Structure formats: structure tokens, C-alpha cells
Ligand code: RUQ
Ligand code: CUA
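Numbering (the numbering used here), first residue to last: 1413 to 2064.
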């Protein structure tokens, strides 16, 4: 490598950053970084709507944040992997199955990479996918309802980080393991046997193009390194996926030191179309498995959870032509494919250059067998044979790259806390701007698509230090918006986010709003517990279970007086919102409920379970300000020591 001299310095800086708890150099001249017309460029006047949607990962909140751009206004937090008391997600009987896993009910996770569904390599506004790292799962959220519709657990996977990445027509959502694990003998081995026994996996989850429903078509068993990030090929490279790999040292303790030994780690190139051929030839082995598959049905307004028992696994050792490693300088993190699909750039966290590989050169190298040996049976392509060129002296600690519509790339630098713009073809650096501070991912609207939207780059920062009003020991998480429409990047706006915005994707608003669902049709409501009109409202006892079939409409519940419930009963309030109009949810809450409230959309039925633990009269009410007489939308449930005949009514 040409830049060996820089490497020592880099390692020292990176090492120092680690020692300081991963803080970074603070850019100078913070105040002068804002140009005079910045405010005007992000100002969205009252009554006007934003131009774009931005979907951020919630990180350790497990959710997705929805913001308008360029204003940075928070519109919604969509619950995905974590319970949300605000709407009852994960608390209502209908949504609890969404958070079921093979480990039982897991109401929390760590989500990193939102991915908009794609058609022909461009965002199509149908769904957004996101990964759960900790208990490996992938979720699909509808962008017509902004609700999570499906969550599939990944068996044979530890740390689902290189996930979920989509092929160009959403044929597959792909997720790879960060933590390798032993998969023979029921997953047990001594940790010291890592080098021999631990393996990684890559899951290829097929997405039904009409319904979006996911199933694991196959898993690839790959050598036991850490797979970190990924992008699928597109256009010329459609049919391939690329993964960054670190810890090719196969260290299993003190990775900070032990996984930073080799001068080069790898990019893994996977020919998934070829893998499909092997699958069709019956190469796959059925492995017993145990993983949850949870689906929310919009007609029954109810989720079901099924535990699947089998998965098809193929060992890449036995599948020539499917996998190739390509050397990549020092602990790569991001692995990104440019809009043409020809260029793949990898960002080594400790590297002094950004290597840019050429897809056509990779193909030629494979044909010519330009290999420098193999790694656990997988051929390693010679670095020079795959390389198109290097971006030299780009900055310190490159992490991720996105692209605009003019042939430029934008790379984030954690340690030097900046975004660097460079030209993909020439690898020439064109501009750099500081970020405040320590940028991780970055997002250009549709910056991973065949036709990027461009216009802005959004920095997703790890540290905010002096940027916002203090909020105790934990400071706000933050995005920054930069204008990239001119030659020079221009900082426009800081705005705080909910949770840690690891990654985000953005697209023009019309792509999403054209599919919008305004309310659920009551006629289509197939819930087992629906009450379609007030006359059918009732309260029914079944042993210790009491089912309240209730309706809500401005501004009363039917029934709103209930007597005959006893202490210790399982009381199920099945509330149907009878409204058939946009934006008229009703809430439901009862004193002493130790789970959540419900927020019920027009036409929908949701159920809150309540176990009264004492006698008395318990008020219930609507929590969502629905009309001038919202505050009148209330009622009572009387609880006795023993059961008495059930009585219920409204207005008698
Ligand atoms: S990561 S800061 Cu979890 Cu996507 Cu790169
Ligand atoms: Cu219904 Cu307030």
C-alpha cells in the first residue's frame, strides 16, 4: 500500500479515540460553518409540508423515527422491536405476538439499518425493512399505514448487523451475522475452539412482491469472521451482494487489539443467483431450527406468531462460484455500491485509503483465476486485480459512503468528524465539511439507489456535546442537514432525534403519500372480536374471562357502565372504533391497568387485557382528544369480591 506512512499515525489517532471513549477531534470554527441563507433553505412555513421523508433507525430504542426534510420536524415514531405504551403496540392482545421469538416474548431490540423497498433499484414507497441486532430479527413496516406488519427471526445467527439489505427489486432481504457461532452439536463448543468451529451465516429472505410476506429461502454457511455491513449489487452487478468483513484474525477476545492485526481484511462478494441454482439442484440441507415468524393481518387487525421448525442451509465450501473474498485494508465497516453498480467502495476504519473496486474487474479476475489463495476454502481475489483505484488521504476513520445523482460519493469520517465528497470515476477529493460531531452513517436521499435524489446529505452523528441544551448525563442524539446541490457542501441545520440514528433513508414525499391508508374500512374488519354497531355491544362471561365487546364513536363508549366483574377476572376490552374518517382515533384506558392504553384507529378493533386486583369502581376514558366532548368520553366498571350477573349499558 502506498500510504503505509500514514498508517501509524492513523492507528495512533484511532487508538486515542478509542481510549477517549470514541470521541473525535473537534472541528474548528464551529460558528462560521453556517452560511447566511441556511435558514431559508430549511424553513418550511406553517401549513406547508416537507419535501422529503427521512426514516431513522432508533438504535437501542428498537424503533423507526419519521421526520420531514429539510425541516427536521419529527412526525412519528413507528414501533417495531420495542413496546410502545403510547399506542399499545406490544401491549394489546392483537400486537403482542409481533414481539414473540424463540426466546419467548422479547419487547426490546437494537435496530440499525432502515431500508426502503425497491423496484428497479429505486425506492418504491411500499415498505421499510429494519434489522434487530440482538435477538436477530428483520421487520417489514408498511408505508401505507406506518405500521409494522411482519417480523421474522433469523435462526443460526448472532448479531444481525449486516442487515437488512435489499436486492434491486426487493427479491431478497439479506442479513448476515456479526458474531460467528458454533452450529454443530446443538450450538455448543468451547469458545477456545472458535477458529475451527465457529461459522457465520447469511440469510436470504424472499419477499413476496405482492404481499411483502417474507420467508427464509436459504442460508449460506460462511467462514467465521465478523460480517459488518452490506449492499446488494444493482444494474450491472445485479445478482451479487457485497459484505464487509472484519476480524479475519478470528479473534474471540479483546477484539479491539486482536482483530486489528492483519493489514487487510475482506469484502465478501456473493453471487446469489448462482446460490439459487445450487438450491434448485438440491444442494441445500434442511436443518432443524426454531424461529418465530410473526405477521399482522390488516383485515383481522390481529398478529399471529408461528414457530418455524426448519431452514435450508448451504455450505459455501461446497458451492464453487458463489463466494469470493477480496482483500480490503484494515477493518472495513461500510461497503457501498455506486448508482451504476460498477463500483464498490469499502471503508476501513483504520485504513488510510478508500479502496474502490470494479465489478467488471472482479468478474475478469474470477475468469482469469487471479487468486492469492483461499480463506477457509473460499478463493481470495488479488487486491490489485479487483481494484479500480484508491481515494488517497481521504480523512481518518472512514465509515460509510452514499452517492448523489452527479457521479459523486460522500464518505463519513468518524475520527476526523467530517464528510468528504469525491468523484467516483476519478477518485479525486472535491470538498470536505466538518460534522458536529463524530458522524457514523450518512444519508443522501435515495443515495443507495440507481437514481439518487441528491440535494441533501444528512449526517447521523454519534456525539453532540455542545450543540443542544443540556439534558442530564445523556445528551441528545442528532442529525445534521447539508445542502449538496452546489459544488461546496453547506451546513443548513441540526436537529435532535429519538434514539440513536445509526442509519437513515430518505425519499421524496410523493413516493410514500400516494399509497396512504386514511382509515380502515369497518366492512372489512374481520377481527374475531369486532363490534360493528352499538346494538351488538355486549359483555360476556366465560369462566374467569370477561369479554367486553365495546364500540367507540364521538363521544362515547358503548357500553360505558359495566357491573358484575369480580377481582381476579381476566377482563378483555375489545374496543372497535366505529369512525370512518381520517385521523379520528379513540383511546382507551382504565384505572390500574398495568400495561398500556390503547389507541384504536377508525375501523379497527384492539384489545386491552385488565385484571382488577381490588374491589371498587374503576373509571375508564378515551385518551385521544377526539372532539369537543372528548372529555365526556368516559365510563365506569364496577368490580366486586364475587361475580354477580353482568350488567352493562350506555345512556340508560
Ligand atoms: S453501523 S456507524 Cu451499526 Cu450501520 Cu456504521
Ligand atoms: Cu374519543 Cu376522545
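Quick reminder that beta carbons are idealized off the backbone N, C-alpha and C, glycines included. For clarity, every value in this text was computed on a predicted model and none was experimentally measured.
Any non-hydrogen atom of ligand 1 closer than 7 angstroms to residue i Cβ
i, result
"residue 1641", "yes"
"residue 1811", "yes"
"residue 2033", "no"
"residue 1915", "yes"
"residue 1852", "yes"
"residue 1525", "yes"
"residue 1959", "no"
"residue 1650", "no"
"residue 1515", "no"
"residue 1573", "yes"
"residue 1745", "yes"
Any non-hydrogen atom of ligand 2 within 7 angstroms of residue i CB
i, result
"residue 1497", "no"
"residue 1538", "no"
"residue 1999", "yes"
"residue 1510", "no"
"residue 1816", "no"
"residue 1621", "no"
"residue 2045", "yes"
"residue 2040", "no"
"residue 1972", "no"
"residue 1931", "no"
"residue 2037", "yes"
"residue 1967", "yes"
"residue 1964", "yes"
Extent of the continuous beta strand (DSSP E) run through residue i
i, result
"residue 1775", "Residue 1775 -> not in any beta strand (DSSP E); alpha helix (DSSP H) instead, spanning 1771-1779."
"residue 1701", "1697-1709"
"residue 1663", "Element bounds for residue 1663: n/a, residue is neither H nor E."
"residue 1638", "1638-1644"
"residue 1674", "Note, residue 1674: premise wrong, no beta strand (DSSP E); not H, not E."
"residue 1539", "1534-1544"
"residue 1633", "1626-1635"
"residue 1530", "1527-1531"
"residue 1559", "1559-1565"
"residue 2019", "2017-2022"
"residue 1520", "From DSSP, residue 1520 is part of no beta strand (DSSP E); its letter is neither H nor E."
"residue 1464", "1464-1469"
Cut-off 8 angstroms between Cβ atoms - residues of its own chain near residue i, not counting five sequence neighbours on either side
i, result
"residue 1940", "1712 and 1714"
"residue 1643", "1577, 1653, 1654, 1747, 1748, 1749, 1756 and 1860"
"residue 1596", "1609"
"residue 2044", "1967 and 1968"
Residues of its chain near residue i, where Cβ-Cβ distance is below 6 angstroms and the 5 sequence neighbours each way are ignored
i, result
"residue 1497", "2008"
"residue 1456", "1462 and 1483"
"residue 1703", "1514, 1565, 1567 and 1720"
"residue 1936", "1711"
"residue 1718", "1705"
"residue 2064", "none"
"residue 1433", "A caution first: residue 1433 carries a pLDDT of 40, below 50, which makes its placement in the model too unreliable to give a value."
Bounding residues of the alpha helix (DSSP H) (the contiguous stretch that carries residue i)
i, result
"residue 1670", "1667-1670"
"residue 1684", "1684-1692"
"residue 1454", "1450-1454"
"residue 1727", "That residue, residue 1727, is in no alpha helix (DSSP H); its beta strand (DSSP E) goes 1714-1727."
"residue 1922", "1921-1925"
"residue 1551", "That residue, residue 1551, is in no alpha helix (DSSP H); its beta strand (DSSP E) goes 1549-1554."
"residue 1607", "1606-1609"
"residue 1795", "1795-1798"
Sequence-distant residues of its chain with Cβ nearer than 7 angstroms to residue i (five each side left out)
i, result
"residue 2022", "1983, 1985, 2002 and 2005"
"residue 1663", "1670 and 1671"
"residue 1503", "1495, 1497, 2007 and 2008"
Test: residue i CB closer than 8 angstroms to a CB of chain D
i, result
"residue 1815", "Looking at the structure shown, chain D is missing, and only one protein chain is on hand."
Stretch-stretch touch, CB-based, cutoff 8 angstroms, three pairs: the stretch 1900-1920 with the stretch 1465-1481: Judged by Cβ distances under 8 angstroms, the stretch 1900-1920 makes contact with the stretch 1465-1481, as three or more pairs qualify.
Cβ contact (3+ pairs, closer than 8 angstroms) linking the stretch 1673-1684 and the stretch 1627-1642: With a cut-off of 8 angstroms, the stretch 1627-1642 and the stretch 1673-1684 count as touching, because enough Cβ pairs lie within range.
Segment contact flag, the stretch 1586-1594 with the stretch 1688-1703, C-beta cutoff 8 angstroms, min 3 pairs: With a cut-off of 8 angstroms, the stretch 1688-1703 and the stretch 1586-1594 do not count as touching, because too few Cβ pairs lie within range.
contact_flag[the stretch 1868-1875, the stretch 1885-1899] where n(CB pairs < 8 angstroms) is 3 or more: Touching, per the Cβ criterion.
Cβ pair count under 8 angstroms reaching 3, the stretch 1605-1622 against the stretch 1580-1587: The stretch 1605-1622 makes contact with the stretch 1580-1587, as at least three CB pairs between them are under 8 angstroms.
Cβ pair count under 8 angstroms reaching 3, the stretch 1758-1777 against the stretch 1819-1839: The answer is yes - the stretch 1819-1839 touches the stretch 1758-1777, with three or more Cβ pairs under 8 angstroms.
Cβ pair count under 8 angstroms reaching 3, the stretch 1765-1784 against the stretch 1803-1810: Segments in contact, yes.
Three-pair Cβ contact test at 8 angstroms for the stretch 1841-1860 versus the stretch 1807-1820: Short answer: they touch.
Cβ contact check for the stretch 2052-2060 and the stretch 1948-1955: 3 or more pairs under 8 angstroms: The stretch 2052-2060 makes contact with the stretch 1948-1955, as at least three CB pairs between them are under 8 angstroms.
The stretch 1993-2000 contacting the stretch 2030-2048, beta-carbon criterion three pairs below 8 angstroms: Taking a contact to require three or more Cβ pairs closer than 8 angstroms, the stretch 1993-2000 and the stretch 2030-2048 qualify as touching.
Cβ pair count under 8 angstroms reaching 3, the stretch 1956-1975 against the stretch 1913-1932: The stretch 1956-1975, when compared against the stretch 1913-1932, does not touch it at the 8 angstroms Cβ threshold.
The stretch 1831-1851 / the stretch 1896-1906 touching (three or more Cβ pairs under 8 angstroms): Yes, since at least three Cβ pairs between the stretch 1831-1851 and the stretch 1896-1906 fall closer than 8 angstroms, the two stretches touch.
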